[in-house]
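The structure appears right after this line, and notes come after that.
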Amino acid sequence: MHSTNQIIKFVLIMTALVAVVLAGMNTVLKPIHQKNEAVYNKRAILTAVNDYLPSPVTELSDEQVDEIFSKISQTVIKSDGTLVDEAGVMAAGYKEGTASSIDMGKERKKAESEQIFPAYQFTGENGKKFYIVTVRGKGLWDEIWGNIAFEEDINTIAGVAFDHKGETPGLGAEIKDNKDFYTQFKGKKIYEDGKLRSVFVRKGGAKDPVYEVDGISGATITADGVTEMLGRGLQYYEPYFKTLKG
Amino acid sequence: MAETKVLEKKESGLSFGKAERKLLTDPLDSNNPITVQVLGICSALAVTTLVSKAFVMAIAVMFVLAFSNLITSFLRNSIPKQVRMIVQLVIIAALVTVVELTLKAASYPIFKELSVFIGLIITNCIIMGRLEAYAMSNRPWRAFLDGIGNGLGYGIILIIVAVVREFFGKGALGGYKLFGPGVDFLIDTSSISWLSWYAPNNLFVLFPSAMFVIGILIWIHRAWRPNLVDIS
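Chains A and B supply the protein sequences, listed in that same order. Counting from 197, one number per residue, gives the positions in the first sequence under the working numbering. Counting from 153, one number per residue, gives the positions in the second sequence under the working numbering.
Pasting the structure below:
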């Protein structure tokens, strides 16, 4: 039998050892983690303009992703359309001060007037311009988000890339995995007679060829989440879109 | 405890005989952690939608199992019995964190996909079960082999289930599209007249299918080895 003293000593030494080893490992690997995460986020944004890249995002190397992304101009805006400078982004809690460092999950928890939103301008090979915005909402189990790319008219969707935290594989997760779902968005429009209408994910099949896409059977709540996320998310960007259109 | 110490002195070194081989092969068949002991079902349901996920998970569990067995076995005589479970948990949690940090650095997309379930290895009953049942009363080398063996037994079932689910659910294996309707697939079933009705069954992607697949595996295993039927 061990005495209480021995037990405490054993536990303390063991915990300290484990803590030192793990902390050391974390410190050593942290730069790699951060780099990986940055590239991962950049890939997610570029996926929205996948069709206009020299080759699909999944086939690009990390260096190529960095290179393409360095040519993208980044803007940060507020929901009233005003621009936020680098210092403003840093003040909001992002050390790097860039649009791509913004965590939309954190922003969603702030008051609407304080939220900041990233916006990107990507110029394709033939000089064609694309505007990419980020939206975030709620699926069935957890958060869902997406990057939406618009063509130069800021009306026609050029591509979308959705992702999610914990939707059911085979059902809600299809918003990310099923090519037949997300490619539907390409060519859809968000403005009707100058008014923002957004795109509607309709259960049972799209009825309007311009403003609706087919839903996913068995994933009604995730699909409704996508509709809500697009409607609300694009509203935040509307004042900014107006300033762009002049 | 004194008796076990005397026994240990007789056998030493990293010998690999019949007993050691049994440690590796038993969990693959007559003592399989999933189909015979029915442990670790949670992760077997969750990470078997894709073969690649199942493979990474199997490697991760094998690593944690082997090294937590090894460390626990080294410490077995100095671990105070009153707090042994807490100590075991600290060992497991530390190793799982090591796996998590390594995976995050080595392959971020896979880490993103598996993230929650890597953390949940801590609660995998197989690991705690092996530490209590084997590592606490056996020498390090054998405990290590026992960990590898059980990791293999767990991993092989995981991969079998994932192969069935990915093939019938998505028509793919390891991400390569093999069998289904459409030009993307290696074998385009829509172009073969007698197979034109075929479509990947989405039910296989959903969790309940894993329950059925594992159930059927248990059935096959017991039909093949009738002596297992009365064990559990």
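For each residue, glycine too, the CB sits at the ideal point set by N, CA and C.
Quick check on the burial criterion: 16 or more other C-beta atoms within 10 angstroms. Buried or exposed for residue i?
| i | result |
| --- | --- |
| Pro261 of chain B | exposed |
| Thr173 of chain B | According to the sequence provided, residue 173 of chain B is Arg. The question's Thr does not apply to it. By the 10 Å Cβ count, Arg173 of chain B comes out exposed. |
| Gly421 of chain A | buried |
| Trp346 of chain B | exposed |
| Gln230 of chain A | exposed |
| Leu253 of chain B | buried |
| Thr254 of chain A | exposed |
| Ile368 of chain B | exposed |
| Glu370 of chain A | buried |
| Trp376 of chain B | exposed |
| Glu263 of chain A | exposed |
| Phe364 of chain B | exposed |
| Trp371 of chain B | exposed |
| Thr200 of chain B | buried |
| Gln270 of chain A | buried |
| Met201 of chain A | The sequence given here places Asn at residue 201 of chain A; Met does not occur at that position. That one is exposed. |
| Asn322 of chain A | exposed |
| Ser361 of chain B | buried |
| Gly368 of chain A | buried |
| Leu213 of chain A | exposed |
| Leu443 of chain A | Chain A is shown only over 197 to 442; residue 443 of chain A falls outside these bounds and no answer can be derived. |
| Asn379 of chain B | exposed |
| Thr223 of chain A | exposed |
| Gly220 of chain A | exposed |
Starting from the beta carbon of residue i, find every residue of chain B whose beta carbon is closer than 8 Å, and list them in chain order.
| i | result |
| --- | --- |
| Tyr236 of chain A | Tyr260, Pro261, Lys264 |
| His198 of chain A | Pro232, Lys233, Gln234 |
Under 7 Å Cβ-Cβ, which residues of chain A neighbour residue i?
| i | result |
| --- | --- |
| Thr249 of chain B | Leu218 |
| Thr201 of chain B | Pro365 |
| Asn354 of chain B | Gly366 |
| Leu253 of chain B | Met221, Asn222, Leu225 |
| Leu222 of chain B | Near Leu222 of chain B there are no residues of chain A at all, since even the closest Cβ is about 15 Å away, more than 7 Å. |
| Val357 of chain B | Pro365, Gly366 |
Keeping to the same chain, check which residues put their C-beta closer than 7 Å to that of residue i; ignore five residues upstream and five downstream.
| i | result |
| --- | --- |
| Gly323 of chain B | Lys329, Leu330, Phe331, Gly332, Phe337, Pro352 |
| Leu283 of chain B | Ser220, Asn221, Thr224, Gln240 |
| Thr439 of chain A | Gly277 |
| Gly362 of chain A | Trp337, Asp338 |
| Ser342 of chain B | Pro333, Gly334, Ser348 |
| Glu155 of chain B | Confidence at Glu155 of chain B is low in this model, with a pLDDT of 46, below 50, so the placement of that residue should be treated as unreliable; the coordinate-derived value is given next. Excluding sequence neighbours, Glu155 of chain B sits near nothing in its chain. |
| Met203 of chain A | In the sequence on display, residue 203 of chain A carries Ile and not Met. So the list is empty, once near-sequence residues are dropped. |
| Phe320 of chain B | Pro352, Asn353, Phe356 |
| Leu159 of chain B | Note on Leu159 of chain B: pLDDT 47, under 50, position unreliable in the model; no value is reported. |
| Ser195 of chain B | Met209, Phe269, Leu272, Asn276 |
| Ala443 of chain A | It is not possible to answer for residue 443 of chain A, since the shown part of chain A is limited to 197 through 442. |
Against residue i, what residues of chain A qualify as contacts under a CB-to-CB distance less than 9 Å, listed in chain order?
| i | result |
| --- | --- |
| Lys256 of chain B | Leu225, Ile228, His229, Asn232, Glu233 |
Whose Cβ in chain B lies nearer than 7 Å to the Cβ of residue i?
| i | result |
| --- | --- |
| Val280 of chain A | Ordered by position in chain B, no residue passes the 7 Å Cβ test against Val280 of chain A, which lies about 28 Å from the chain. |
| Gln202 of chain A | Pro232 |
What residues of chain B sit near residue i, judged by a beta carbon separation below 9 Å?
| i | result |
| --- | --- |
| Val207 of chain A | Pro232, Val235, Ile238, Val239, Val242 |
Below 6 Å CB to CB, which residues in the same chain sit around residue i once its five sequence neighbours on both sides are set aside?
| i | result |
| --- | --- |
| Leu202 of chain B | Glu318 |
| Ala287 of chain B | Asn221, Thr224, Ser225, Ala295 |
| His373 of chain B | Thr187 |
| Ala307 of chain A | none |
| Tyr141 of chain B | Because residue 141 of chain B is not part of the residues shown, which for chain B are 153 to 384, the question remains open. |
Please compile the residues from chain A whose C-beta is within a distance smaller than 8 Å of the C-beta of residue i.
| i | result |
| --- | --- |
| Gly321 of chain B | Gly366 |
| Ala246 of chain B | Val214, Val217, Leu218 |
Can you list, in chain order, the residues of its chain with a C-beta nearer than 8 Å to that of residue i? Leave out the 5 residues immediately preceding and following it.
| i | result |
| --- | --- |
| Phe359 of chain B | Leu197, Ala198 |
| Leu430 of chain A | Val329, Val331, Ile344, Ile386, Leu392, Ser394 |
| Met153 of chain B | Interpretation of Met153 of chain B is limited by its pLDDT of 42, a score under 50 that renders its predicted location unreliable; no figure is taken from the coordinates. |
| Ala245 of chain B | Ile274 |
| Val424 of chain A | Residue identity check: residue 424 of chain A is Glu in the sequence provided, not Val. If we look at Glu424 of chain A and ignore the five residues flanking it on each side, its Cβ neighbours are Gly333, Lys334. |
**OP:** Pull out every residue of the segment 364-388 of chain A whose Cβ sits closer than 8 Å to any Cβ of chain B, in chain order.
**Re:** If the cut-off is 8 Å between Cβ atoms, the segment 364-388 of chain A has Thr364, Pro365, Gly366, Leu367 near chain B.
Original post:
Listed from N- to C-terminal order along the chain, which residues in the segment 211-231 of chain A have their beta-carbon within a distance smaller than 8 Å of any beta-carbon of chain B?
Top reply: Thr211, Val214, Val217, Leu218, Met221, Asn222, Leu225, Ile228, His229
Original post:
How do the segment 354-362 of chain A and the segment 266-280 of chain A stand: do at least 3 beta-carbon pairs fall below 8 Å, yes or no?
Top reply: Result no; under three Cβ-Cβ pairs closer than 8 Å.
Original post:
Taking contact to mean at least 3 C-beta pairs separated by less than 8 Å, is the segment 293-300 of chain B in contact with the segment 231-239 of chain B?
Top reply: no
**OP:** Tell me, please, whether the segment 295-315 of chain A touches the segment 170-188 of chain B by the rule of three or more beta-carbon pairs shorter than 8 Å.
**Re:** No: fewer than three Cβ pairs fall under 8 Å.
Original post:
Of all the residues that make up the segment 289-313 of chain B, which are near chain A by a beta-carbon distance shorter than 9 Å?
Top reply: none
**OP:** Pair every Cβ in the segment 373-388 of chain A with every Cβ in the segment 408-418 of chain A, then say whether three or more of these pairs are closer than 8 Å.
**Re:** yes
Original post:
Does the segment 307-317 of chain A come within contact of the segment 374-381 of chain A, defined as at least 3 CB pairs closer than 8 Å?
Top reply: no
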